[in-house]
Every structure is written in structure tokens, then in C-alpha cells.
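K.L.:
Those protein sequence lines, which keep their order, are chains H and U. Using our numbering, read the first sequence as starting at 468 and increasing by one per residue. Using our numbering, read the second sequence as starting at 52 and increasing by one per residue.
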Amino acid sequence: MIEVKNIQKKFDDKVVIEEVSARMEAGRCNLIIGASGSGKTVLMKCMVGLLNPDQGSIFYNGNNFTTMESEAKTLIRKEIGMLFQGSALFDSLTVEENIMFPLNMFTQDTTGEKLKRVNAVLERVNLAGVNKKYPAELSGGMKKRVALARAVVLNPKYLFCDEPNSGLDPQTSLVIDKLIRDLTLEYQITTVINTHDMNSVMEIGDYILYMYQGKKEWEGTRKEIIFSKNQRLNDFIFASEFLRDAKDMRMLEETGKIPNERDMDQMTRP
Amino acid sequence: MTLLADIGRFLIMLKGMFKKLENRQMYWKELMRQCTEIGFGSLGIVTIISVFIGAVSTIQTAYQLVSPLIPISTIAQIVRDTVILEFAPTLVCVVLAGVAGSRIASELGNMRVSEQIDALEIMGINTKTYLILPKIVAAMLMIPLLVIIAMALGIWGGRLAGTAAGIISPNLFDKGLMSDFLPYNVFFALTKSYVFSLILSSIPAFYGYYVQGGALEIGKASTKAVVVSCVLILFADYILSALLL
Numbered sequence: 468m469i470e471v472k473n474i475q476k477k478f479d480d481k482v483v484i485e486e487v488s489a490r491m492e493a494g495r496c497n498l499i500i501g502a503s504g505s506g507k508t509v510l511m512k513c514m515v516g517l518l519n520p521d522q523g524s525i526f527y528n529g530n531n532f533t534t535m536e537s538e539a540k541t542l543i544r545k546e547i548g549m550l551f552q553g554s555a556l557f558d559s560l561t562v563e564e565n566i567m568f569p570l571n572m573f574t575q576d577t578t579g580e581k582l583k584r585v586n587a588v589l590e591r592v593n594l595a596g597v598n599k600k601y602p603a604e605l606s607g608g609m610k611k612r613v614a615l616a617r618a619v620v621l622n623p624k625y626l627f628c629d630e631p632n633s634g635l636d637p638q639t640s641l642v643i644d645k646l647i648r649d650l651t652l653e654y655q656i657t658t659v660i661n662t663h664d665m666n667s668v669m670e671i672g673d674y675i676l677y678m679y680q681g682k683k684e685w686e687g688t689r690k691e692i693i694f695s696k697n698q699r700l701n702d703f704i705f706a707s708e709f710l711r712d713a714k715d716m717r718m719l720e721e722t723g724k725i726p727n728e729r730d731m732d733q734m735t736r737p
Numbered sequence: 052m053t054l055l056a057d058i059g060r061f062l063i064m065l066k067g068m069f070k071k072l073e074n075r076q077m078y079w080k081e082l083m084r085q086c087t088e089i090g091f092g093s094l095g096i097v098t099i100i101s102v103f104i105g106a107v108s109t110i111q112t113a114y115q116l117v118s119p120l121i122p123i124s125t126i127a128q129i130v131r132d133t134v135i136l137e138f139a140p141t142l143v144c145v146v147l148a149g150v151a152g153s154r155i156a157s158e159l160g161n162m163r164v165s166e167q168i169d170a171l172e173i174m175g176i177n178t179k180t181y182l183i184l185p186k187i188v189a190a191m192l193m194i195p196l197l198v199i200i201a202m203a204l205g206i207w208g209g210r211l212a213g214t215a216a217g218i219i220s221p222n223l224f225d226k227g228l229m230s231d232f233l234p235y236n237v238f239f240a241l242t243k244s245y246v247f248s249l250i251l252s253s254i255p256a257f258y259g260y261y262v263q264g265g266a267l268e269i270g271k272a273s274t275k276a277v278v279v280s281c282v283l284i285l286f287a288d289y290i291l292s293a294l295l296l
């Protein structure tokens with residue numbers, strides 16, 4: 468579980484995050500949503516320690532991450548996996564070497580054991596057999612899946628995903644979402660996803676934190692978002708006529724007035 | 052102020068490199084990779100430059116030594132001392148600042164911009180230790196070796212050019228090479244090469260590691276790294292010559 472308490476971050480005189488608090492539970496997909504420039508990436512960077520907040524605290528299972536010594540922070544970081552927006556795969560290494568990298572660095576396993584683990588996670592992200600390819604030879608969706616495999620290879624307690632669907636087509640986005648959701652449930656990971664992909668919000672958002680101009684504007688579940696009266700949230704999520712109709716449809720489904728026949732597993736099936 | 056801030060950040064970067072290694076084997080592997088890239092990767096250009104510099108030195112020295120009172124073997128002595136004292140350590144390191152330095156800056160810059168450095172940080176790896184230290188150590192191991200090779204090749208190039216142009220016979224050149232040789236000159240050249248290799252690896256690492264922006268900034272950082280390294284190498288050359296000769 469990750470708890471964020473009254474986080475504030477300024478760059479020069481510009482306040483980018485102001486008094487944001489949130490509680491993100493294990494085994495759930497916790498989404499941070501908001502328009503570009505709303506501060507969600509900065510919030511995530513503060514949470515993982517890439518930026519230091521000016522004020523406030525971040526707790527990992529009750530331990531204050533912001534005031535920890537660097538050695539203790541390193542121990543927490545070893546429990547963190549992160550999927551970056553641009554995948555951040557090491558260009559000079561093959562897929563196999565990329566995924567094996569954390570295992571080489573932090574485990575004493577034999578090469579055989581490490582290879583077995585690499586193949587298992589590659590199979591888990593539906594990419595068996597691409598071991599010897601270089602990142603430059605992969606499509607955007609494949610790179611994301613390799614990056615996801617690398618992020619979970621050490622069985623992290625916390626998984627951070629920064630815009631996992633950016634630059635991907637809707638169907639590949641659904642595949643990535645489903646993978647993240649399944650891994651979260653399977654390993655009871657505290658997953659934090661930074662996104663402005665509305666499909667993700669509606670499909671995997673167990674907890675949603677909506678940021679507006681650096682402040683927490685709204686929080687709730689994907690079911691609650693349907694019934695939310697927050698105008699800014701509704702303007703952001705249901706920006707088009709089509710999405711507003713979809714919202715009305717979902718409201719009817721949720722209230723049982725029409726049957727819900729959609730299933731994410733079916734939608735992502737090739 | 053910017054200069055002082057940069058110097059401060061540079062020193063903090065150097066200090067940050069000396070942390071406990073997570074896995075010695077991985078660092079050793081990275082060091083070997085860097086040794087291969089910096090050492091063998093630069094061997095070709097070092098060979099070409101050294102041979103030609105030695106050859107040109109012989110021809111130009113012969114051109115200027117017109118007095119019949121000066122023995123012809125003096126050409127070899129002058130070529131030997133010029134190559135050992137200046138051309139091999141300084142010129143080779145200036146060229147390496149361009150070759151290896153720009154590679155270091157652009158590699159780290161690209162890793163920074165594509166969030167690969169952030170990815171390593173998130174894994175709990177000290178990126179300064181893992182990415183910068185092996186580059187500096189590799190440079191300090193390989194560049195003095197390249198300088199020694201450059202010395203030998205420069206003198207050989209001079210001998211070859213002198214013989215080919217009919218300026219000096221091989222026997223006379225060898226005789227000149229042996230006379231009044233000061234081993235201290237080699238020590239001085241190696242001292243310079245250690246200082247220069249520290250400059251040409253740490254300065255580009257600094258500019259690459261702290262780059263911000265995109266591809267354009269990587270190019271700018273790389274160019275700046277090479278220019279600053281070259282200026283500092285020449286400045287250090289002057290200081291070391293004034294202090295040690």
C-alpha cells in the first residue's frame with residue numbers, strides 16, 4: 468500500500484503539485500488521470516523518488532519514503548517496477564538481456580534459473596520467442612510488453628506505469644491494460660498508472676485520482692466516475708458526444724436498466 | 052554563477068560515483084565493454100594519426116635543419132622527443148576527446164532523454180557508479196596504452212617517411228633514436244595521458260549525464276563536451292609542462 472500525504476512540488480516559483488493526498492491499495496489498479504500539465508507525471512516521479520517533494524510525505528507500507536536514508540530508499544526501490552512512457556529499454560541489449568538485467572544485478576541465481584524466469588515473464592506478456600531481438604526491431608506495443616516483463620521480473624510489490632498506452636492503437640492498449648490488471652491481481656501488486664486513456668480509466672480503474680492544475684480534483688472508483696457530478700471531471704473524461712453517450716449507456720448498465728454484455732477478456736482476444 | 056554551479060555539480064557527480072557496488076560481476080562486465088569501446092574502438096584512428104604525425108615531423112624537421120654542422124641523426128632525436136613529449140599524449144588525447152568523448156556524451160545523453168537512466172535509478176542502481184565510473188576507469192586504463200602505441204607508431208612513421216624520402220637512412224635514424232634518450236620523458240608523457248584521460252572521460256560524462264531535452268540537446272551537449280574537454284586538455288598540458296619539465 469502506498470500513501471501520499473499533502474505532497475507539494477514547485478519548480479522555481481511555479482507550484483506544480485499542491486497538497487495532494489491519496490491512498491493506493493495493493494491488488495488494485497490505481498490510476499492518476501488529468502490533462503497534460505496537470506502534474507500527474509511529477510506526482511509519480513515524487514512517488515518513486517526521481518524527484519524530491521518540497522513538502523509532504525510518501526509512505527510505502529507505512530514507511531516514510533521521503534525521510535528515509537538513501538540505503539533504505541534503495542531497498543524500497545528494489546521492490547518497485549516501472550513501465551516508462553517510452554519503454555526505456557536498453558538499446559544495446561537484446562530483449563533477453565534487458566529482462567535479465569535486474570536478475571543479474573540483484574540475484575545470485577544461476578544462468579539457467581534466470582533464463583527460465585525470463586522465458587516465463589516473456590510468455591506471460593505473450594512474447595515468447597523474441598529473446599534475441601533488439602529493441603529497435605520491435606513494434607511500440609511489443610516494446611511496452613518487454614518493458615512490462617522487465618518491470619515485473621523481480622516480482623515487485625509496487626508497479627508504476629507512466630502512460631502505458633501512449634502511442635498505441637486501441638486494441639494493443641487493451642492488451643497492455645489487461646496484462647497490467649492481470650499481473651496486479653495475480654501478484655497482489657500495488658499498481659499506480661498515470662494515464663489519460665479513457666479506455667483504461669473505464670476498464671481497469673479500481674481507484675482513480677483526477678488531477679486538475681496540480682490539485683486533487685476528484686477521487687473514486689470507475690463505477691463512481693459514471694455517476695460523478697464533478698463538471699471538470701466529466702468535461703475531461705467524457706469530452707466528446709460519443710463518450711457522453713457511452714457514459715449514459717454505462718449508467719444504464721450499472722443501474723441494471725440494460726444488460727452489460729461486454730467483457731474485457733473477449734475484447735482483447737485476438 | 053553557471054560555471055560555479057557546473058563545477059559544483061561536476062564534483063558532486065564525481066563523489067557520487069564512489070558508492071557500494073550492487074554486483075561486482077556486472078560492473079566488471081561494463082568495465083570490459085567500455086575498455087573495448089574506448090581502447091579498441093579508437094585504435095584505428097590513433098594508428099593513422101600517429102604514423103602520419105611521425106612522418107610529417109621527420110620531413111618538416113629535415114626541412115628546417117639546413118646547417119651542415121648539425122648531424123643528420125638529430126632529426127631522429129627531435130622526432131622522438133616531439134612525438135613522446137607532445138604529439139602522442141596531447142594530440143592523440145585531443146582526437147580521443149572527439150572520438151571517445153562525444154561517444155560518451157551522446158550515449159549518456161541518449162540514455163537520459165529516453166529515460167533509461169531513470170529506469171536504472173528505479174531499479175535501485177546507483178547510475179553514477181554504474182554508468183560513469185566504468186567509463187572513467189576504462190579511459191584511464193586504455194588511453195595511456197593507446198599513447199604508448201602512438202609513441203611507437205609515431206617514431207616508426209617518422210623512420211619510414213625519412214627512409215622513403217631519402218632524408219635519413221634507417222641505421223642513422225636508429226642511432227639518433229638511441230642517443231640522449233631520457234626515460235623521464237616517457238614518464239612525463241604517461242602522467243599527461245592519465246590527466247588527459249580523466250578530463251576526456253569525465254567532462255563528456257558530465258555533459259551527457261545531465262542533459263535535458265531531446266535529440267537537439269544531446270547534439271549540443273556532445274559538442275560542448277568535446278570543446279570543453281579539448282580546452283581543458285590544452286590548459287592541463289601547459290600546467291603540467293610548466294610544473295614537470
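A virtual CB, placed ideally from N, CA and C, is assigned to each residue, including glycine. Just so we're clear, the structure is a prediction, and the values are computed from it rather than from any experiment.
1. For residue 59 (chain U) and chain H, any beta-carbon pair shorter than 8 Å?
2. In chain order, which alpha helix (DSSP H) runs of at least 4 residues are fully inside the region 483-515 of chain H?
3. With the cut-off set at 8 Å, would you say residue 89 (chain U) and residue 203 (chain U) are in Cβ contact?
4. Could you check which residue in U:163, U:177 and U:210 has the C-alpha nearest to that of residue 74 (chain U)?
5. Can you find a CB in chain H that lies within less than 8 Å of the CB of residue 90 (chain U)?
6. How is residue 68 (chain U) classed by DSSP in three states: helix, strand or coil?
7. Using the C-alpha atoms, what's the distance from residue 676 (chain H) back to residue 638 (chain H)?
8. Just mark residue 711 (chain H) as buried or exposed, buried being the case when its beta carbon has 16 or more other beta carbons within 10 Å.
9. Look up residue 676 (chain H) in the DSSP assignment and say whether it is helix, strand or coil.
10. Which residues in chain U have a C-beta closer than 7 Å to the C-beta of residue 569 (chain H)? List them in chain order.
11. Note the first and the last residue of the continuous alpha helix (DSSP H) segment covering residue 162 (chain U).
12. Does DSSP put residue 438 (chain H) in a helix, in a strand, or in coil?
13. Round the Cβ separation of residue 477 (chain H) and residue 521 (chain H) to the nearest angstrom and send it over; I've been treating them as touching at under 8 Å.
14. In three-state terms, what does DSSP make of residue 551 (chain H)?
15. Can you grab the Cα-Cα spacing for the pair residue 490 (chain H) / residue 716 (chain H), in whole Å?
16. Could you tell me whether the region 268-278 of chain U touches the region 142-158 of chain U, where touching means 3 or more Cβ pairs closer than 8 Å?
17. What's the gap between the Cα of residue 57 (chain U) and the Cα of residue 285 (chain U)?
18. Does the beta-carbon distance from residue 175 (chain U) to residue 545 (chain H) come in below 8 Å?
19. Could you pull out every residue in the same chain whose Cβ sits closer than 7 Å to the Cβ of residue 109 (chain U), ignoring the five residues on either side in sequence?
20. Just how far apart, CA to CA, sit residue 295 (chain U) and residue 136 (chain U)?
21. Would you mind telling me which residues of chain H sit closer than 8 Å to residue 73 (chain U), beta carbon to beta carbon, in chain order?
22. Nearest to residue 650 (chain H) by CA position, among H:576, H:548 and H:726, is which residue?
23. Counting only runs that start and end within the region 514-543 of chain H, where is the beta strand (DSSP E) found for 3 or more residues in a row?
24. Beta strand (DSSP E) containing residue 471 (chain H): first to last residue?
25. Check whether the Cβ atoms of residue 531 (chain H) and residue 673 (chain H) sit closer than 8 Å, and answer yes or no.
26. Return the residue from the list H:657, H:488, H:492 and H:618 that minimises the CA-CA distance to residue 552 (chain H).
27. Applying a beta-carbon distance threshold of less than 9 Å, which residues of chain U neighbour residue 749 (chain H)?
28. Apart from the five residues on each side of it in sequence, which residues of its chain come closer than 6 Å, Cβ to Cβ, to residue 71 (chain U)?
29. On the DSSP bridge list, what partners appear for residue 625 (chain H)?
30. Taking just the CA atoms, how far does residue 195 (chain U) sit from residue 102 (chain U)?
31. So, at 8 Å on beta carbons, what are the nonlocal neighbours of residue 626 (chain H) in its own chain, with the 5 sequence-adjacent residues on each side left out?
32. Distance, Cα to Cα, residue 720 (chain H) vs residue 598 (chain H)?
33. Let me know the secondary structure DSSP gives residue 722 (chain H) once reduced to three states.
34. Looking at C-beta atoms only, is the number of pairs between the region 676-690 of chain H and the region 494-510 of chain H that lie closer than 8 Å three or more?
35. Closest by CA to residue 233 (chain U), which one among U:133, U:107 and U:293?
36. Starting from the N-terminal side, write out each stretch of the alpha helix (DSSP H) that is 4 residues or longer and does not extend beyond the region 172-243 of chain U.
P.N.:
Let me spell this out:
1. No, residue 59 (chain U) does not count as interfacial toward chain H.
2. Counting whole runs of 4 or more residues, the region 483-515 of chain H contains the alpha helix (DSSP H) stretches 507-515.
3. No. Outside cutoff.
4. When C-alpha distances from residue 74 (chain U) are compared across U:163, U:177 and U:210, the shortest belongs to U:177.
5. No, residue 90 (chain U) does not count as interfacial toward chain H.
6. Here residue 68 (chain U) sits in coil by DSSP.
7. For residue 638 (chain H) and residue 676 (chain H), the distance between alpha carbons rounds to 24 Å.
8. Here residue 711 (chain H) is exposed, its C-beta having fewer than 16 other C-beta atoms within 10 Å.
9. Residue state, collapsed to three classes: strand.
10. By Cβ distance, chain U contributes 174.
11. Taken as a continuous stretch (DSSP letters only), the alpha helix (DSSP H) holding residue 162 (chain U) covers 153-164.
12. Because chain H is modelled from 468 through 737, residue 438 (chain H) falls outside the range shown and cannot be assessed.
13. Indeed they touch by this definition, with Cβ atoms about 5 Å apart.
14. In this structure, residue 551 (chain H) counts as coil in the three-state DSSP scheme.
15. Between the alpha carbons of residue 490 (chain H) and residue 716 (chain H) lies a gap of roughly 30 Å.
16. Taking 8 Å as the limit for Cβ pairs, the verdict is that the region 142-158 of chain U does touch the region 268-278 of chain U.
17. The alpha-carbon atoms of residue 57 (chain U) and residue 285 (chain U) are separated by roughly 20 Å.
18. Cβ atoms of residue 175 (chain U) and residue 545 (chain H): closer than 8 Å.
19. Annotation for residue 109 (chain U): 126, 130, 209, 212, 213 and 218 place their beta carbon closer than 7 Å to its own, counting only its chain and skipping 5 residues before and after.
20. About 11 Å.
21. Among the residues of chain H, those whose CB is under 8 Å from the CB of residue 73 (chain U) are 572 and 573, following chain order.
22. Residue H:548 holds the alpha-carbon nearest to the alpha-carbon of residue 650 (chain H) among H:576, H:548 and H:726.
23. Counting only runs that start and end inside the region 514-543 of chain H, the beta strand (DSSP E) elements of at least 3 residues fall at 522-527.
24. If you look at residue 471 (chain H), you'll find it in the beta strand (DSSP E) that goes 469-478.
25. Remark: C-beta atoms of residue 531 (chain H) and residue 673 (chain H) do not approach each other more closely than 8 Å.
26. Nearest to residue 552 (chain H) by C-alpha distance, out of H:657, H:488, H:492 and H:618, is H:618.
27. Since the first residue shown for chain H is 468 and the last is 737, residue 749 (chain H) is missing from the structure and cannot be characterised.
28. Correct list: empty, nothing qualifies.
29. Checking the DSSP bridge columns, you'll see residue 625 (chain H) partnered with H:547 and H:657.
30. Within the model, the alpha-carbon separation for residue 102 (chain U) versus residue 195 (chain U) is close to 17 Å.
31. Hits under 8 Å: 547, 548, 549, 550, 618, 619, 647, 650, 651, 656, 657, 658 and 659.
32. Here the alpha carbon of residue 720 (chain H) sits roughly 43 Å from the alpha carbon of residue 598 (chain H).
33. Residue state for residue 722 (chain H) is assigned as coil, using DSSP reduced to three classes.
34. Yes, since at least three Cβ pairs between the region 676-690 of chain H and the region 494-510 of chain H fall closer than 8 Å, the two stretches touch.
35. It is U:133.
36. Along the region 172-243 of chain U, the alpha helix (DSSP H) occurs as fully enclosed runs of 4 or more residues at 184-215 and 221-229, listed in sequence order.
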